[in-house]
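J.:
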Amino acid sequence: MAVRVIANWRTSRPSTRLDQSQERFLQGAQVSAKCLLRLISNILDVAKIEAGKVELDLIEFNPRHLLEDVVEIMAPSAHRKGLEICCDLSADLPSLFRGDADRLRQIVLNLVNNAVKFTERGQVHLRVRADESDATGMLLRFEVTDTGIGIPEDRQDRLFKLYSQVDASTTRRFGGTGLGLALCQGLVELLGGELGVESRDGKGSTFWFTVRLQPVSGNKTTEVLPGSFRNLRVLVADDNETNLEITSSHLRRWGLDCEAVNSARAALEVLQSACSGLRPYGLAILDMRMPDMDGREFINRIRSTPEIAEVPLVLLTSIGDDIPREQLDAWRIATCLSKPVRQSRLFDSVISATCRIPDCEPEQPAPQSEPPDSLSLCKNLHVLVAENNDINQLVVRELLNRAGLTCILADNGQQAVDLAASRRFDLVLMDCQMPVLDGFAATTTIRRREESEGGWARSGGRLPVVALTANAVAGDREDCLSAGMDDYLAKPLDRKSLLVILKRWLPTAHPAPDRSVCSARHSAQSVVVPEVEPSFDRDAFLERCFGDCEIALELLGMFEDRATSQRDTIDLAIAQGDRERLVSVAHALQGVAGHLSAKSLMTVASRIDREYRNTSSNVDSMLGDVLMMRSEIERCLSDLPQLRQSIARDRSLNSGR
Numbered sequence: 000m001a002v003r004v005i006a007n008w009r010t011s012r013p014s015t016r017l018d019q020s021q022e023r024f025l026q027g028a029q030v031s032a033k034c035l036l037r038l039i040s041n042i043l044d045v046a047k048i049e050a051g052k053v054e055l056d057l058i059e060f061n062p063r064h065l066l067e068d069v070v071e072i073m074a075p076s077a078h079r080k081g082l083e084i085c086c087d088l089s090a091d092l093p094s095l096f097r098g099d100a101d102r103l104r105q106i107v108l109n110l111v112n113n114a115v116k117f118t119e120r121g122q123v124h125l126r127v128r129a130d131e132s133d134a135t136g137m138l139l140r141f142e143v144t145d146t147g148i149g150i151p152e153d154r155q156d157r158l159f160k161l162y163s164q165v166d167a168s169t170t171r172r173f174g175g176t177g178l179g180l181a182l183c184q185g186l187v188e189l190l191g192g193e194l195g196v197e198s199r200d201g202k203g204s205t206f207w208f209t210v211r212l213q214p215v216s217g218n219k220t221t222e223v224l225p226g227s228f229r230n231l232r233v234l235v236a237d238d239n240e241t242n243l244e245i246t247s248s249h250l251r252r253w254g255l256d257c258e259a260v261n262s263a264r265a266a267l268e269v270l271q272s273a274c275s276g277l278r279p280y281g282l283a284i285l286d287m288r289m290p291d292m293d294g295r296e297f298i299n300r301i302r303s304t305p306e307i308a309e310v311p312l313v314l315l316t317s318i319g320d321d322i323p324r325e326q327l328d329a330w331r332i333a334t335c336l337s338k339p340v341r342q343s344r345l346f347d348s349v350i351s352a353t354c355r356i357p358d359c360e361p362e363q364p365a366p367q368s369e370p371p372d373s374l375s376l377c378k379n380l381h382v383l384v385a386e387n388n389d390i391n392q393l394v395v396r397e398l399l400n401r402a403g404l405t406c407i408l409a410d411n412g413q414q415a416v417d418l419a420a421s422r423r424f425d426l427v428l429m430d431c432q433m434p435v436l437d438g439f440a441a442t443t444t445i446r447r448r449e450e451s452e453g454g455w456a457r458s459g460g461r462l463p464v465v466a467l468t469a470n471a472v473a474g475d476r477e478d479c480l481s482a483g484m485d486d487y488l489a490k491p492l493d494r495k496s497l498l499v500i501l502k503r504w505l506p507t508a509h510p511a512p513d514r515s516v517c518s519a520r521h522s523a524q525s526v527v528v529p530e531v532e533p534s535f536d537r538d539a540f541l542e543r544c545f546g547d548c549e550i551a552l553e554l555l556g557m558f559e560d561r562a563t564s565q566r567d568t569i570d571l572a573i574a575q576g577d578r579e580r581l582v583s584v585a586h587a588l589q590g591v592a593g594h595l596s597a598k599s600l601m602t603v604a605s606r607i608d609r610e611y612r613n614t615s616s617n618v619d620s621m622l623g624d625v626l627m628m629r630s631e632i633e634r635c636l637s638d639l640p641q642l643r644q645s646i647a648r649d650r651s652l653n654s655g656r
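Following this line, the structure appears as structure tokens:
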């Protein structure tokens with residue numbers, strides 16, 4: 000516990016001013032404490048493996064998403080050292096496998112972390128291919144290759160032994176305990192695989208492991224671009240040969256005519272030559288960091304050369320490439336992608352950038368008058384919403400207002416009881432987890448007072464109370480009904496399920512016919528997106544916002560403030576060993592993430608809330624899930640600017656119609 004407090008003291012300490020020597024002392028203590036925490040965690044994991052107490056959690060997962068997550072986590076560390084980091088999966092791999100994704104992620108993350116640590120220049124390359132396939136599954140081979148210091152052949156046998164290092168000087172220079180690779184070997188063996196290394200002193204290393212996984216049938220994804228894209232010529236310029244090959248292979252697989260060059264000067268020559276030959280490029284994807292020419296000069300040269308000035312540009316940037324939005328607009332940059340680039344984001348950028356080209360412009364459907372909302376009910380009905388989360392309040396209020404209902408908000412159970420007693424409502428939507436008085440106790444109070452005072456509904460009858468809860472698990476409905484609630488609605492709310500509840504419990508409710516909401520820019524383009532699992536499901540999010548970009552942008556702003564605060568709360572709770580606070584954060588996050596269609600964040604937050612709420616487990620036992628939740632928060636915050644920009648662009652397009 001004390002070690003955690005020290006490790007997170009910067010987060011949890013009050014805003015006290017420290018002099019320079021005190022600050023240095025604190026930083027040193029934090030670094031030491033974090034190293035000790037890492038050591039303790041590894042020792043515990045190794046001990047569990049040796050004792051045979053590690054149970055596999057077999058789930059369906061997408062290997063591309065898992066590996067892209069790992070390289071994104073490690074990208075800041077790699078870029079600070081000037082390293083390229085990338086991942087490449089064989090195109091013929093299925094989209095889904097069944098296996099222990101968390102253990103697999105732990106192995107890959109350990110190996111990639113080591114590769115970054117022991118590499119001073121060059122790159123770290125993560126690749127996956129299928130070695131064989133039979134009735135028992137597919138044998139996958141994972142390789143992490145670096146251009147680092149390498150390992151002498153006569154010392155490689157020490158690598159996988161507990162507390163062993165290649166040599167003492169390496170330990171002093173790079174740090175480490177000798178536990179990471181031993182842990183990896185234990186996990187690989189637990190998964191029924193094999194771990195090995197190929198290395199030469201001073202020539203870099205390749206750490207590899209194999210694991211047999213069961214493909215999920217019927218999940219081979221084929222990427223499809225609209226037919227008008229098939230004649231599109233794309234130029235890719237990147238001085239890193241590995242990145243160049245990965246990006247080019249994606250584009251060619253999608254049916255694009257792609258050419259690759261490894262310098263800025265070559266790119267300029269090829270672009271101009273193509274115009275002279277009357278086969279101009281419709282898109283250029285350019286790395287901002289080219290050794291033969293500064294990125295800014297590179298782009299300025301393109302924009303100042305008349306015959307190539309209008310080619311759409313997609314920029315590939317690294318940590319530290321801080322380009323102001325105004326500059327990107329001045330350069331007319333279609334999209335800016337941070338390296339390493341996820342395949343799905345590259346696919347989206349091709350579509351968004353090239354839809355500006357006349358012969359690639361999708362047909363716009365004729366504007367239609369806005370039909371009545373699918374939740375339009377009879378007017379003059381009043382609904383009390385007891386919910387302490389402001390994002391959830393906004394979503395529920397907007398749903399009800401669009402249905403033509405009057406909505407009154409209460410921040411806790413006690414306020415809900417007071418409002419229900421002083422005013423009359425047709426329905427109460429009651430969150431179960433609230434401060435002061437929770438939803439169960441509030442409902443029990445209402446029912447007790449109704450017994451002595453008569454029904455509290457505006458009709459004079461029993462006031463209908465519907466539970467709102469993020470805990471959609473067995474037994475919850477029974478808990479709600481036993482507290483006196485009439486029905487049960489799982490968060491995040493969606494229009495259809497809410498409509499069912501309103502029809503069931505509101506008097507004389509006559510809804511208009513249901514209609515689907517068309518919201519996303521690309522949904523009308525018949526584009527099948529490859530294996531897309533971004534932090535936010537943009538289309539689903541906009542549908543939850545009724546296709547209203549203003550509401551969507553307001554929700555994103557609220558989420559940004561809330562997520563930043565909750566991330567800090569997680570750090571503090573870990574430092575203090577506060578399990579209840581971590582579960583409380585997870586409970587709040589799952590509903591918020593659901594409203595924003597942040598599916599991965601909602602999944603891990605729901606798991607924490609479900610599995611740890613009513614247990615006596617300590618923070619250590621849930622730390623893996625908590626750190627995953629924190630990582631998903633970071634991923635959401637990182638993707639917010641791009642999502643906000645995309646929705647703002649939609650708003651501009653809609654307002655111009």
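So for the sequence shown, numbering that gives the first Met the number 0 puts the first residue at 0; every next one is plus one.
All C-beta atoms, glycine included, are put in the ideal place defined by N, C-alpha and C.
Quick one: grab the DSSP three-state call for F662.
T.: There is no way to answer for residue 662, as the model of the chain reaches only from 0 to 656.
J.: Do you know whose CA, among D101, E244, V196 and D486, lies nearest L189's CA?
T.: If we check each option's Cα against that of L189, D101 comes out closest.
J.: Counting only the same chain and skipping the five closest in sequence on each side, list residues whose C-beta sits under 6 angstroms from that of L404.
T.: Cβ within range, chain order: L380 and V382.
J.: Does the contact criterion of 3 or more C-beta pairs under 8 angstroms hold for the segment 592-612 versus the segment 565-577?
T.: no
J.: Would you call the segment 90-99 in contact with the segment 119-126, where contact means no fewer than 3 C-beta pairs closer than 8 angstroms?
T.: no
J.: Using only CA atoms, which one of A329, R264, R606 and F346 lies nearest to L626?
T.: R606
J.: Closer than 8 angstroms is the cut-off here; do at least three beta carbon pairs connect the segment 192-210 with the segment 134-149?
T.: Touching, per the Cβ criterion.
J.: Go ahead and pull the three-state DSSP assignment for E258.
T.: strand
J.: So, for V531: in the same chain, excluding its five sequence neighbours on each side, which residues have a beta-carbon less than 6 angstroms away from its beta-carbon?
T.: Confidence in V531 is poor, its pLDDT being 35 and thus under 50, which makes the residue's placement unreliable; the coordinate value appears in the next sentence. Counting only Cβ-Cβ distances below 6 angstroms, and skipping sequence neighbours, we find S343.
J.: Name, in chain order, the residues that DSSP records as bridge partners for T205.
T.: According to DSSP, T205 bridges with T144 and E197.
J.: For A273, collect the residues of the same chain with a Cβ closer than 6 angstroms to its Cβ; drop the 5 residues on either side in sequence, then sort them by chain order.
T.: P279 and Y280
J.: Taking D238 and P323 to be in contact with their CB atoms under 8 angstroms, please state how far apart those CB atoms are, rounded to whole angstroms.
T.: Not really, about 24 angstroms apart at Cβ, beyond 8 angstroms.
J.: Which residues mark the beginning and the end of the alpha helix (DSSP H) in which M601 is found?
T.: K598 to Y611
J.: Here's the rule I'm using: 16 or more other beta-carbon atoms within 10 Å means buried, otherwise exposed. How should P640 be labelled?
T.: exposed
J.: Near P214, which residues of its chain fall below 6 angstroms by C-beta distance, leaving aside the five closest residues on each side in sequence?
T.: P93, F96 and M137
J.: How would you call V111, buried or exposed, if buried means at least 16 neighbouring beta carbons within 10 angstroms?
T.: buried
J.: Based on the DSSP secondary-structure assignment, which residues constitute the bridge partners of H381?
T.: Checking the DSSP bridge columns, you'll see H381 partnered with T405.
J.: Please name the residue in D256, A419 and R126 whose C-alpha comes closest to that of P463.
T.: The residue with the shortest Cα to Cα distance from P463 is A419.
J.: Can you tell me where the alpha helix (DSSP H) holding G412 begins and where it ends?
T.: G412 to S421
J.: Along the chain, which unbroken stretches of the beta strand (DSSP E) at least 3 residues long are found entirely within the segment 77-152?
T.: 83-88, 96-98, 122-133 and 136-145
J.: Measuring straight from C-alpha to C-alpha, what distance separates L642 and W330?
T.: 21 angstroms
J.: To the nearest angstrom, how far is it from the Cα of L285 to the Cα of L270?
T.: 12 angstroms
J.: Measure the C-alpha to C-alpha separation of L66 and V591 and round it to an integer number of angstroms.
T.: 26 angstroms
J.: Does the distance from the CB of L55 to the CB of N109 come in under 8 angstroms?
T.: no
J.: For C85 and L315, what's the separation of their Cα atoms in angstroms?
T.: 13 angstroms
J.: Do T209 and H124 have their CB atoms nearer than 8 angstroms?
T.: no
J.: Rounded to whole angstroms, what is the Cα-Cα separation between V115 and V69?
T.: Each residue's alpha carbon lies about 12 angstroms from the other.
J.: Using three-state DSSP, classify E386 as helix, strand or coil.
T.: coil
J.: Which stretch, first to last residue, makes up the alpha helix (DSSP H) that contains F297?
T.: G294 to R302
J.: Return the CA-CA distance between E369 and G546, expressed in angstroms with no decimal places.
T.: The predicted model places E369 with a pLDDT of 35, which falls under 50 and marks its position as unreliable; any figure quoted below should be read in that light. C-alpha separation (whole angstroms): 11 angstroms.
J.: Considering only DSSP beta bridges, list what T468 is partnered with.
T.: A489
J.: Which stretch, first to last residue, makes up the alpha helix (DSSP H) that contains D328?
T.: R324 to A329
J.: Spell out the partners DSSP gives I332 in its beta bridges.
T.: L312
J.: Once DSSP output is grouped into helix, strand and coil, what is the label at S534?
T.: Coil at S534, not helix or strand.
J.: R9 to R300, Cα distance in whole Å?
T.: The predicted position of R9 is uncertain, since its pLDDT is 46 and thus under 50; a value taken from the coordinates is nonetheless stated next. So the two alpha carbons sit approximately 46 angstroms from each other.
J.: Starting from M429, follow its DSSP beta bridges and name the residues at the other end.
T.: A385 and A466
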